[in-house]
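A.B. asks: Have a look at this one before I ask anything.
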Amino acid sequence: MIRLENISKSFEHHSNKIKVLNSIDLTIDQGSWVSIVGPSGSGKSTLLKIISGLLKPDTGTVNYRNVNIYQLSEREKSDFRRRHIGFVFQDFKLLPYYSVLDNVILPLYYDEKKKDLYEKAKVLLPSLGIQEPLFSRLPNDLSGGEKQRVAFARALIANPDVLVCDEPTGNLDRENRDNVIEILLQLTKQGKTIILVTHDMEVAVHSDNIYLLKDGFLLSNEVKV
């Protein structure tokens, strides 16, 4: 279970303080899929960063199974993210001069033997629809859908409990978007917790809970599907 309590965050802009998040409370059950929707600039990505331990809130706590991640040291927090949280982004964030296999093993590169990591990746990639002829290719030789599947493999290589997805279908066509939806549904069946930000309600409707982030507040009863 992930529990956010009284999360607030402000930023300075031209000497003005702008409040982006306002006293947000949120509980996410293990194995559930939560989608956060809202207009551009509403703070969705900021909230994701706070949930992920990447951005300290001005007020409030983020607890993973009663561990307050903002009471951890920077090194402890980094270790926690690497082992428990996988990240998937709209622009994939694959390293252009690394092969598919090398991109996938990056999160655990310094933790395990390279040979063992390659074996893990070679099992994981086909489960996401990436077959061996593509393992040695560079990202620029892949389609958008293939890049996103590789990004999912990288996020899953450490077998995390939680998958944090920031607009994972934003750069994909309808067919590849639907493929990502199927991957997410399969991951929830495996007990993964999904936290997803999206503008696409056709993606969000598959989640267990949809929240609207508006004017700094997180609303759960005003989302129309």
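The sequence shown lines up with residues 2 to 226 when you count with our numbering.
Beta carbons are placed, not taken as given, at the ideal position from N, Cα and C, and that holds for glycine.
(1) Going by CA-CA distance only, name the one from 214, 91, 143 that's closest to residue 167.
(2) Could you give the first and the last residue of the continuous beta strand (DSSP E) run that contains residue 57?
(3) Between the alpha carbons of residue 47 and residue 56, how many angstroms are there, rounded?
(4) Please state whether the Cβ-Cβ distance between residue 216 and residue 23 is less than 9 Å.
(5) In angstroms with no decimal places, state the Cα-to-Cα distance between residue 155 and residue 45.
(6) Relative to the C-alpha of residue 147, which residue among 177, 33, 124 is closest?
(7) Identify the continuous alpha helix (DSSP H) that holds residue 145 and give its terminal residues.
(8) Could you please give the first and the last residue of the uninterrupted beta strand (DSSP E) stretch that includes residue 194?
(9) Assess contact between the stretch 89-103 and the stretch 63-70, defined as three or more Cβ pairs (one per stretch) separated by less than 8 Å. Is contact present?
C.D. replies: So, from the listed chains and residues:
(1) Here residue 167 refers to the residue found at position 166 of the sequence shown. Residue 167 has its Cα closest to that of 91, out of 214, 91, 143.
(2) One-based indexing of the sequence shown puts residue 57 at position 56. Neither: residue 57 is in no beta strand (DSSP E) and is coded neither H nor E.
(3) Numbered from its first residue, the sequence shown carries residue 47 at position 46. Numbered from its first residue, the sequence shown carries residue 56 at position 55. It is roughly 8 Å from the alpha-carbon of residue 47 to the alpha-carbon of residue 56.
(4) For the purposes of this step, residue 216 is taken as the residue at position 215 of the sequence shown. For the purposes of this step, residue 23 is taken as the residue at position 22 of the sequence shown. A contact, by the Cβ cut-off of 9 Å.
(5) Locating residue 155 in the sequence shown gives position 154, counting from the first residue. Locating residue 45 in the sequence shown gives position 44, counting from the first residue. Taking the straight line joining both Cα atoms gives about 23 Å.
(6) The count along the sequence shown starts at 1 and reaches residue 147 at position 146. That would be 177, whose Cα lies nearest to the Cα of residue 147.
(7) The residue given as residue 145 occupies position 144 in the sequence shown. For residue 145, the enclosing alpha helix (DSSP H) starts and ends at 145-157.
(8) Here residue 194 refers to the residue found at position 193 when the sequence shown is read from its first residue. Note, residue 194: beta strand (DSSP E), 194-198.
(9) Taking 8 Å as the limit for Cβ pairs, the verdict is that the stretch 63-70 does not touch the stretch 89-103.
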